[in-house]
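Participant: Chains A and B, in that order, are what the protein sequence lines are. If you're matching positions, the first sequence starts at 1 in full-length UniProt numbering and goes up one per residue. If you're matching positions, the second sequence starts at 1 in full-length UniProt numbering and goes up one per residue.
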Amino acid sequence: MVWINAIVQGVLLGGLYALFAAGLSLMFGVMRFINIAHGDFIVTAAYLMVALVTGLAVHPAVAVVLVLIALTTAGYVNQRILLNRVLGKDILPPILVTFGMSIIIQNALLEIFSADSQRLPAGWLETGSIVLSDAVAIGWLPLLMFAAAVAVIGGLQLVFYKTPLGRMLRATSDDPEIVPLMGGNNAHIFAIATALASLVVGVAGIFLAMKTNFDPSAGPARLLFAFEAVIIGGLGSLWGTLVGGIVLGVAQTLGAQIDAGVQILAGHLVFLALLVVRPRGLFPKM
Amino acid sequence: MTRLLETQGLTAFYGDFQALFGIDVSVDEGECVALIGSNGAGKSTFLRAITGMIPARGQDVMFAGQHIAGWAADRIHKAGMAMVPEGRRLFPSLSVEENLLIGAAGKRPGPWSLDAVYELFPDLVAKRHNPGTALSGGQQQMVAIGRALMSNPQLLLCDEISLGLAPKVIKDIYTAVPKIRAGGTAILVVEQDVGQALAVADRVYCFMEGRVTLTGTPATLTRAQIAAAYFGTTEEAH
């Protein structure tokens, strides 16, 4: 039963990893953009949430809305005035620029919030659970995270395949050179993609703040989990990213069942093993 | 007739390489004009320059009464110029219908709609939900033309639409031209097939090495004149 419990907890943890990864997957899918600062954006959203709720005593529901609006807007503006300038055939400039942003963000957070680790108290959400048997209990927070991941990925899927905006995003992903000849403005379309990705980053950051302790240097580890989830799932597939997150989550909780020290390592090992067997991931689209 | 497009002394460069040396081309409203010339003569470069795909800032390009030189491609598109790019360039992950709908993203009003395009190319109806690239070459070309028409352009640019297609398919596609003109759209075709160009166009420009070497109506041009302008051959060559 402990193993079943580990798998259940792993699946739910996978929801959080999918939330970490969805934004990364989206930006890569639309514009082949690799955002090294992705994890730091998530941590920034987490800090923003904590600052609003514990610092300024804003109601949590209001804080959630504010964080999401702030992240979405910042994503659009950042893409429009900075990242679009480095976007091109060469994938190296975006990596260098976002690597620089990653360092700047970590140091700015350190300066403002100190190195002390933080956490957003989530009250009954943190401790409450549904008891299925004496060995298996599902916590409200992990369940909510998983539901949020499914909702976010389902929502993105809907936007991509059922709306004019999604049609334009997919067309831009196919052939950005031709899109302007069809009346599309690439700079705007790319900024919309980043705004959507940043909205998801905001959701991920809010859950990160409730789920674990975090500090200014927590970003790169989130980026690594996000990368692994995207690669396991297969580039360009959003549902694949959810599966990738689940695979990673289950590997980690099973690893932790063997030995607490093996938890993170187990995730990486499964990632490497999958790369050997399926180098393009489980459900590659590109 | 009113001038729709007019370029004067248009030049274009790829880095240090000059591809166009002062091109004067005009298209009237509702007119069909053909650009002929061999590979590398500058025909496609001319289309790229007027659509904003390569910079034309500070040059003299008038379209529908506006100076469009230096405008971004999407703005020129919204002003009423639509392109059927060389090699069709359909969006592979979009269905036929989605490809057509992308063309309408600029929301220009006019006679062209999904229904009108399906009436023009009935072959596409059964394939509307197939991926755009799962069609035959001729059908893909129909989608590319339909996608451009969906923006209700005043000027339709067709870059080598007969390239790589069987003669019968080319004929099918060119039967659409009179129907497109009936809606009031002017057409500028780039063709390597001189016979096809002369058959369809009101006026012809022949390009060679980045310059216009000959212009006139199909009725007034002789084969010898065209051959000379096309290949740069001199009188003694025939």
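For each residue, glycine too, the CB sits at the ideal point set by N, CA and C.
How would you list, in chain order, the residues of chain B whose beta-carbon sits under 7 Å from the beta-carbon of A171 (chain A)?
Facilitator: Residue 171 (chain A) sits at position 171 when you count from the first residue of the first sequence. F91, L94 and I102, listed in chain order.
Participant: Helix, strand or coil: which one does DSSP assign to S198 (chain A)?
Facilitator: Within the first sequence, numbered from 1, the residue matching residue 198 (chain A) stands at position 198. In the structure shown, S198 (chain A) sits in a helix (DSSP, three-state: H, G or I).
Participant: In whole angstroms, give me the CA-to-CA distance for R119 (chain A) and D215 (chain A).
Facilitator: For the purposes of this step, residue 119 (chain A) is taken as the residue at position 119 of the first sequence. For the purposes of this step, residue 215 (chain A) is taken as the residue at position 215 of the first sequence. Those two C-alpha atoms are separated by around 9 Å.
Participant: When Cβ atoms are compared, which residues of the stretch 180–207 of chain A fall closer than 7 Å to chain B?
Facilitator: The residues in question are P180, L181, M182, G183, G184 and N185.
Participant: Tell me, to the nearest whole angstrom, how far the beta carbon of E160 (chain B) is from that of E86 (chain B); I am working on the premise that it is less than 8 Å.
Facilitator: One-based indexing of the second sequence puts residue 160 (chain B) at position 160. One-based indexing of the second sequence puts residue 86 (chain B) at position 86. About 5 Å; that satisfies the 8 Å criterion.
Participant: At a Cβ cut of 8 Å, what residues of the stretch 60–83 of chain B count as close to chain A, listed as they run along the chain?
Facilitator: Residues A72, A73, D74, H77, K78, A82 and M83.
Participant: Please name the residue, chosen from A:G249, A:L196 and A:F225, that lies closest to V159 (chain A) on a Cα-to-Cα basis.
Facilitator: Taking the first residue of the first sequence as 1, we reach residue 159 (chain A) at position 159. It is A:L196 whose Cα lies nearest to the Cα of V159 (chain A).
Participant: Once the 5 residues before and after Y17 (chain A) are set aside, which same chain residues still bring their CB inside 6 Å of it?
Facilitator: Residue 17 (chain A) sits at position 17 when you count from the first residue of the first sequence. Once the five neighbours on either side are set aside, the close Cβ partners of Y17 (chain A) are F225, A229, G245, L248 and G249.
Participant: Under 7 Å Cβ to Cβ from A63 (chain A), same chain only, skipping five residues before and after it: list those, please.
Facilitator: If you number the first sequence from 1, residue 63 (chain A) lands on position 63. Closer than 7 Å at the Cβ level, and outside the excluded window around A63 (chain A), lie M49, L52 and V53.
Participant: Which residue's Cα is closest to the Cα of L149 (chain B): B:S95, B:R48 and B:A182?
Facilitator: Taking the second sequence and counting its residues from 1, one reaches residue 149 (chain B) at position 149. Checking every option, the nearest Cα to that of L149 (chain B) belongs to B:A182.
Participant: So what does DSSP say about S173 (chain A), is it helix, strand or coil?
Facilitator: Numbered from its first residue, the first sequence carries residue 173 (chain A) at position 173. In this structure, S173 (chain A) counts as helix in the three-state DSSP scheme.
Participant: Thinking C-alpha only, which one of B:V204, B:F21 and B:A104 is nearest S151 (chain B)?
Facilitator: Translated into the one-based positions of the second sequence, residue 151 (chain B) becomes position 151. Comparing Cα-Cα distances from S151 (chain B) to each of B:V204, B:F21 and B:A104, the minimum goes to B:A104.
Participant: By the criterion of Cβ-Cβ separation under 8 Å, what are the contact partners of P164 (chain A) in chain B?
Facilitator: As a position in the first sequence, residue 164 (chain A) is number 164, starting the count at 1. Neighbours of P164 (chain A) on chain B, chain order: L101 and A105.
Participant: Could you tell me the alpha carbon to alpha carbon distance between L265 (chain A) and A187 (chain A), rounded to whole angstroms?
Facilitator: Locating residue 265 (chain A) in the first sequence gives position 265, counting from the first residue. Locating residue 187 (chain A) in the first sequence gives position 187, counting from the first residue. About 40 Å.
Participant: Taking 8 Å as the CB-CB cut-off, is E160 (chain B) touching chain A?
Facilitator: Here residue 160 (chain B) is taken as the residue at index 160 of the second sequence, counted from 1. Output row for E160 (chain B): interface = no.
Participant: Among B:N99, B:P92 and B:G58, whose alpha-carbon lies nearest the alpha-carbon of G183 (chain A)?
Facilitator: Locating residue 183 (chain A) in the first sequence gives position 183, counting from the first residue. Out of B:N99, B:P92 and B:G58, B:N99 has the C-alpha closest to the C-alpha of G183 (chain A).
Participant: To the nearest whole angstrom, what separates the beta carbons of G184 (chain B) and G30 (chain B), a pair I think is in contact under 8 Å?
Facilitator: Looking up residue 184 (chain B) in the second sequence gives position 184. Looking up residue 30 (chain B) in the second sequence gives position 30. Yes, they are in contact, since the Cβ atoms of G184 (chain B) and G30 (chain B) sit about 6 Å apart, within 8 Å.
Participant: Just curious, the beta strand (DSSP E) that Q154 (chain B) is in, first and last residue?
Facilitator: Taking the second sequence and counting its residues from 1, the one referred to as residue 154 (chain B) is at position 154. No beta strand (DSSP E) holds Q154 (chain B); DSSP gives it neither H nor E.
Participant: If you drop the 5 nearest sequence neighbours on each side, which residues of the same chain put their C-beta closer than 6 Å to that of G23 (chain A)?
Facilitator: Sequence index remark: in the first sequence, residue 23 (chain A) carries index 23 (1-based). Closer than 6 Å at Cβ, skipping near neighbours: A197, V200 and V201.
Participant: Would you mind working out which of A:A37, A:F227, A:G234 and A:S25 sits nearest A193 (chain A), comparing C-alpha positions?
Facilitator: Position 193 of the first sequence holds residue 193 (chain A). Closest option to A193 (chain A), Cα to Cα, is A:S25.
Participant: Quick check: L102 (chain B) and R147 (chain B), are their CB atoms within less than 8 Å of each other?
Facilitator: Here the question's residue 102 (chain B) lines up with position 102 in the second sequence. Here the question's residue 147 (chain B) lines up with position 147 in the second sequence. Sequence check: residue 102 (chain B) is Ile here, not Leu. Yes, the Cβ-Cβ distance between I102 (chain B) and R147 (chain B) is below 8 Å.
Participant: Check whether the stretch 82–97 of chain B and the stretch 165–180 of chain B are in contact - that is, three or more C-beta pairs closer than 8 Å.
Facilitator: The stretch 82–97 of chain B vs the stretch 165–180 of chain B: no contact.
Participant: Closer than 9 Å by beta-carbon distance: list the chain B residues that pair up with D175 (chain A), in chain order.
Facilitator: To locate residue 175 (chain A), count along the first sequence from 1; it is residue 175. Result: R89, L90, F91 and P92.
Participant: In three-state terms, what does DSSP make of E119 (chain B)?
Facilitator: Working through the second sequence from its first residue, we reach residue 119 (chain B) at position 119. If DSSP states are grouped into helix, strand and coil, E119 (chain B) belongs with the helices.
Participant: Under a three-way DSSP split, which group does G184 (chain B) fall into?
Facilitator: What you label residue 184 (chain B) is simply residue 184 of the second sequence in a count that begins at 1. Coil, per DSSP.
Participant: To the nearest angstrom, how far is the alpha carbon of A251 (chain A) from that of V2 (chain A)?
Facilitator: Working through the first sequence from its first residue, we reach residue 251 (chain A) at position 251. Working through the first sequence from its first residue, we reach residue 2 (chain A) at position 2. A251 (chain A) and V2 (chain A): Cα-Cα distance of roughly 14 Å.
Participant: Pick helix, strand or coil for A176 (chain B), following the three-state DSSP scheme.
Facilitator: As a working mapping, residue 176 (chain B) is identified with position 176 in the second sequence. A176 (chain B): helix per DSSP, three-state reduction.
Participant: Applying a beta-carbon distance threshold of less than 7 Å, which residues of chain A neighbour E98 (chain B)?
Facilitator: Along the second sequence, read from residue 1 onward, the residue named residue 98 (chain B) stands at position 98. Result: R167.
Participant: Compute the Euclidean distance between the alpha carbons of I105 (chain A) and D116 (chain A), then round it to the nearest angstrom.
Facilitator: Along the first sequence, read from residue 1 onward, the residue named residue 105 (chain A) stands at position 105. Along the first sequence, read from residue 1 onward, the residue named residue 116 (chain A) stands at position 116. Roughly 16 Å separates the two Cα atoms.
Participant: If you run the structure through DSSP and keep just helix, strand and coil, what is E236 (chain B)?
Facilitator: Numbered from 1 along the second sequence, position 236 holds the residue referred to as residue 236 (chain B). Note that E236 (chain B) has pLDDT 47, beneath the 50 cutoff, so the model's placement of it is unreliable and the number below is only indicative. Correct three-state label for E236 (chain B): helix.
Participant: Below 7 Å on C-beta distance, what does S113 (chain B) contact in chain A?
Facilitator: Residue 113 (chain B) sits at position 113 when you count from the first residue of the second sequence. The premise fails here: S113 (chain B) is roughly 15 Å from chain A at the closest Cβ pair, so nothing lies under 7 Å.
Participant: Let's test the definition: count the other Cβ atoms within 10 Å of the Cβ of A61 (chain A) and tell me whether it reaches 16, buried, or not, exposed.
Facilitator: Along the first sequence, one-based indexing puts residue 61 (chain A) at 61. The residue in question, A61 (chain A), is exposed, as its Cβ has fewer than 16 Cβ neighbours within 10 Å.
Participant: Rounded to a whole number of angstroms, what is the C-alpha to C-alpha distance between E236 (chain B) and R223 (chain B)?
Facilitator: Position 236 of the second sequence holds residue 236 (chain B). Position 223 of the second sequence holds residue 223 (chain B). Bear in mind that the predicted position of E236 (chain B) carries a pLDDT of just 47, short of 50, making it too unreliable to give a figure here.
Participant: List the DSSP bridge partners of L35 (chain B).
Facilitator: To locate residue 35 (chain B), count along the second sequence from 1; it is residue 35. L35 (chain B) is bridged to B:V190 and B:Y205.
Participant: With 8 Å as the threshold, decide whether the Cβ of G137 (chain B) is near any Cβ in chain A.
Facilitator: To locate residue 137 (chain B), count along the second sequence from 1; it is residue 137. False, the Cβ-Cβ gap to chain A never drops below 8 Å.
Participant: Answer yes or no: does any C-beta atom of chain B fall closer than 8 Å to that of I95 (chain A)?
Facilitator: Here residue 95 (chain A) is taken as the residue at index 95 of the first sequence, counted from 1. So no, I95 (chain A) is outside the interface.
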